[in-house]
Structures are given as structure tokens and as C-alpha cells.
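Down below is the structure, laid out as C-alpha cells.
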Amino acid sequence: MCPRIWIFDSYGLFIALGVIAAILLFEYYGHAQKVKRLTRSITEVLAVAAALLGFLGAWLFQNLYDYIASPATFSFSSKMTFFGGLLTGCAFFLPFYFLFIKRKDEAGFKAIFPIATACISVCHAFGRIGCFMAGCCYGKETNSYIGIAFPGMEQKVIPTNLLEAVFLFLLTAALILLAFKAKGLYPLIGYCLGYGAWRFAIEFFRDDPRGEFVPGLSPSQFWAIALFAVGLVLLSIELINRHNRSRATCPQRK
């Protein structure tokens, strides 16, 4: 819709806004939980590094999908895919966390962990607005009143990018609430189940082919199923642990 705003690339600008929003949210939560300044700073530096590496992963994954879909006509493109970036970023961040950071301030990182998924979600939400501005990640043709005609298109399409941005902002609000009220694994569970279900469903309305490596499913639908399954496993673990804690605190009958 508007690839450039003044001298800035629209997509890059909204990604930058998303990163800033995520850092501000992280800082606010960390301060509220009285987490050490050093712990917050180390986490932020590693998270930004993971995000930058995630862009490379998002690009590599998408080009891999394109190659699998059509090896004969494959050529490198600038397209990226969110799940590729998420997997790459996590693969970079988690070893540092478990091998080094956790040993330095385990209590601090345990206290700040619940807000992580909300930070990812809010950054992703701004990124989807960037997709809308850049004219990518759009949906199928429609005559509905919600349809939008992007530059160069005669037919209106479903603005799946904007719809996902709205969903992600709502998901962020829910995850923030879970981080403050429920804590533990519940924010992560909420993200896995919520975004996994949403992404699987919204893919049926998208119309920008991104390859295929599982017959009948888009790559994002495959990873959405995996994400949802992780959420179910974590929910089962959390409920079992909760049940065991409840039994341990209940007085035993003689």
C-alpha cells in the first residue's frame, strides 16, 4: 500500500517499531518484577541478536520451501517466513540461556520469562502492519466489504496481514494478563495454542504461495500444528504438576 514512508522502508520501519515496543514491554515487566538491571540488559542484547539472526533464518527457510516446491525453476528471493525466523531465533537464544544465563541469575530469569511470548507477539503484530504496507502476505480475492485492492491489483483481496495484526495485538494483551496473573508456563501455553490455532486457520484465506513440503499443508500450517501440539503437551505438564502440588498440600486422611 505504501512501501516507503518518507526515506524509510515501511516494512523495516514497522519491524523497528515492533522491536522497540517489545523492549519497552520487557523493561516494564522486568522492573515490575524487580529483576536486576544486568539480567534485563543481557536478555535484551541476546534477544535482539536472536531477532537479527531470525531474519536470516526466515529468509533461508522460505527459500528452502521454494526449492522443495520447484527445484527446476528455483531462484533465490527476498521472501521470508515467520516460523523460520522464530525457530532460528529460539535455536540461538535457548542454548545461551540454559548454559550460561540461567546459572548467573536463575531467579531473575524465571521471574521475567512469562513476558517473553508477549514481546514476540507485539513485535510480530507490528511486522504484520509492515507486511500490509509493503503489499505482501495478502489473502484471496474477495468481493466482501473488508476487501482491499493493493497497488497493481484489479481485484480486492482479504487483508489477512491486517487481520493477523489485530489478532496479535489482542493475543499480546491476553499474554500480558497471563504473565502478571498466572505466570509459570501459562503465557507460553497461551501463545502456542492461540497463535498455532490462528495461523493454521488464516492460512486457508491467504493467497501468496510459500511452497509446500507436506502434501496438503502450507509450511506455516505444518509448523502451526507443531506449535499447537507443544502447547497441549505443556498444558498437560502444567495441569499434572498443579494436581501434584494440590495433593501434596492437602492433609492426608488417617
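To convert, note that position 249 of the sequence shown is 251 in our numbering; the numbers rise steadily by one, no gaps.
For glycine and all other residues, C-beta sits at the position ideal for the given N, C-alpha and C.
Have a look at H126, Y197, A60 and flag the residue whose alpha-carbon is nearest the alpha-carbon of A261.
In the structure displayed, the chain extends from 3 to 256; residue 261 sits before or after that span and is not available.
Whose C-beta lies closer than 6 Å to the C-beta of W200 among residues of the same chain, with five residues either side of it excluded?
Once the five neighbours on either side are set aside, the close Cβ partners of W200 are F169.
Proximity winner among C138, K38, S146, relative to D107 (alpha-carbon distances)
Measuring from the Cα of D107, the nearest candidate turns out to be K38.
G205 lies in the alpha helix (DSSP H); which residues open and close that run?
According to the sequence as given, residue 205 is Glu; it is not Gly. No residue range can be given for E205, since it is assigned to no alpha helix (DSSP H) and is classified by DSSP as neither H nor E.
With 16 as the cutoff for other CB atoms within 10 Å, does E156 come out buried or exposed?
A residue is called buried once 16 or more other Cβ atoms fall within 10 Å of its Cβ, and E156, having fewer, is exposed.
To which residues of the same chain is A148 closer than 6 Å at the C-beta, ignoring the five residues directly before and after it?
The displayed chain sequence assigns Ile, not Ala, to residue 148. A distance below 6 Å between beta-carbons, with the five flanking residues on each side excluded, links I148 to no residue of its chain.
Element boundaries [alpha helix (DSSP H), containing W183]:
Residue identity check: residue 183 is Lys in the sequence provided, not Trp. Element bounds for K183: 162-183.
Does the beta-carbon distance from I178 to P161 come in below 7 Å?
No, the pair does not count as a contact, with Cβ atoms beyond the cut-off.
Through-space distance from K183 to L88, alpha-carbon basis:
C-alpha separation (whole angstroms): 26 Å.
Under 6 Å Cβ to Cβ from A60, same chain only, skipping five residues before and after it: list those, please.
Excluding residues up to 5 positions away in sequence, M82, T83, G86, G87 lie with their Cβ nearer than 6 Å to the Cβ of A60 in the same chain.
Evaluate T251 with the Cβ neighbour count: other Cβ atoms within 10 Å of its Cβ, from every protein chain shown; 16 or more gives buried, anything less gives exposed.
Per the 10 Å Cβ criterion, exposed.
Among F115, H33, L62, F202, which one has its Cα closest to the Cα of L187?
Among F115, H33, L62, F202, the Cα nearest to that of L187 belongs to F115.
Rounded C-alpha distance that separates C139 from R212
If I take the Cα positions, the gap works out to 10 Å.
Measuring only the C-alpha atoms, how far is E64 from L40?
In the sequence as presented, Glu is not what sits at residue 64; that position holds Gln. Answer to the nearest angstrom: the Cα atoms are 36 Å apart.
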